[in-house]
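A short worksheet on the structure shown next.
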Amino acid sequence: MLRRPATSTQITHLQRLWLYGLVGLVIAFLIIPCLIVVPMSFSDSQYLEFPPRVWSLRWYEAYFFSSEWRQSTWVSLKVGAVTTILATILGTLASYGLHKSTNVFKPIVRGMLVLPMMVPLIFVAIGVFFVYARLGLNNTIAGLVLAHTTLAIPFVMIAVGNGLSGFDMNLERAARGLGASPVRAFLTVTLPQIRISVLSGMLFAFVTSFDEVVVSIFVSSGANSTLTKRMFANIRDQVDPTVAAISSLLVVLSIVVLVAGQFIQRRGRSGPSPD
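So the mapping is simple: this note's numbering equals the position in the sequence shown, first residue as 1, plus 1379.
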């Protein structure tokens, strides 16, 4: 098997063995820290320890039966849901408008819209904090949603833009020629064809909001603290193993989102069933 060609250039798997080993090391470097957290969350110790000497579910119980942790989780889920809706709508419309635009300023507008994902988050957080201080939006759900939506829109734009790049706009023009309005042509012709990209953008938007911590540290506190903000405060103050339990649950959530995204993309490539 090692002597079989790996590519059309007749390079064998044996010649690529060094590359496989390097990729394996990189994957291990990225995954092992996540895997270590899981057994640590089942420890009975008051402190983080690996490997656990006594196995227990006490820290999962501490999370599920804590009103503060449940409140923070609810805030993150609520903000993530609203952010996903707003970012998906705005990001899809922005990507669609840029795709159809022939304006000379199109690259500049695109660059401005994706700027939040290129600028270091600490700069964004400081800027948002001072703007919110003048508008009275600090420590509010509305402020969190607006900030997270700004950060999530670029991911939706990129996902939807990839879908639009493979879409034949002549189909929409044909619908317009048959009397459909621009909105109806988009909703009935274009949107169904790029729905997989839109759904992928929704997943990215939710994960971006749910995992965001830097901006949340600056603009949320008290009852409106997000889960990640409370986790950061917990690590800073007392290193409670409850954080390991929550991190394990977040790892599971990330895996579920990744599998769901792959499933959606596979369904999109295979097309609708004959039934």
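We put the beta carbon where it would ideally sit given N, CA and C, even for glycine.
Bear in mind the structure is a predicted one, so any value in this text is a computation, not a measurement.
Collapsing the DSSP output to three states places Ser1626 in a helix.
Excluding its 5 nearest sequence neighbours in each direction, Leu1465 has C-beta neighbours in its own chain below 6 angstroms: Thr1528, listed in chain order. Around the CB of Val1507, 16 or more other CB atoms lie within 10 Å, so the residue is classed as buried. Taking Gln1450 as the centre and dropping the five residues before and after it, the same chain places the C-beta of Ala1602 closer than 7 angstroms to its C-beta, in chain order. Restricting attention to beta strand (DSSP E) runs no shorter than 3 residues, the stretch 1539-1625 encloses none.
Nearest C-alpha to Leu1523 among Leu1557, Leu1456 and Ile1625: Leu1456. It is roughly 16 angstroms from the alpha-carbon of Phe1534 to the alpha-carbon of Ala1460. Going by DSSP, Gln1425 is part of no alpha helix (DSSP H) at all; its letter is neither H nor E. Around the Cβ of Lys1608, a 10 Å sphere holds 16 or more other Cβ atoms; the residue is buried. The Cβ atoms of Trp1448 and Thr1605 do not sit closer than 9 angstroms to each other. A straight line joining the alpha-carbon of Cys1413 with that of Ser1627 spans about 8 angstroms.
Going by C-alpha positions, His1478 is about 7 angstroms away from Gly1540. Between Ile1406 and Ser1474, the C-beta gap is not smaller than 9 angstroms, which leaves the two residues out of contact. In terms of CA proximity to Thr1452, Phe1589 leads the group Val1598, Gln1617 and Phe1589. Non-local beta-carbon contacts of Leu1492 in its own chain, meaning distances under 7 angstroms to residues more than five positions away in sequence, involve Ala1473, Ile1532, Pro1533 and Met1536 in chain order.
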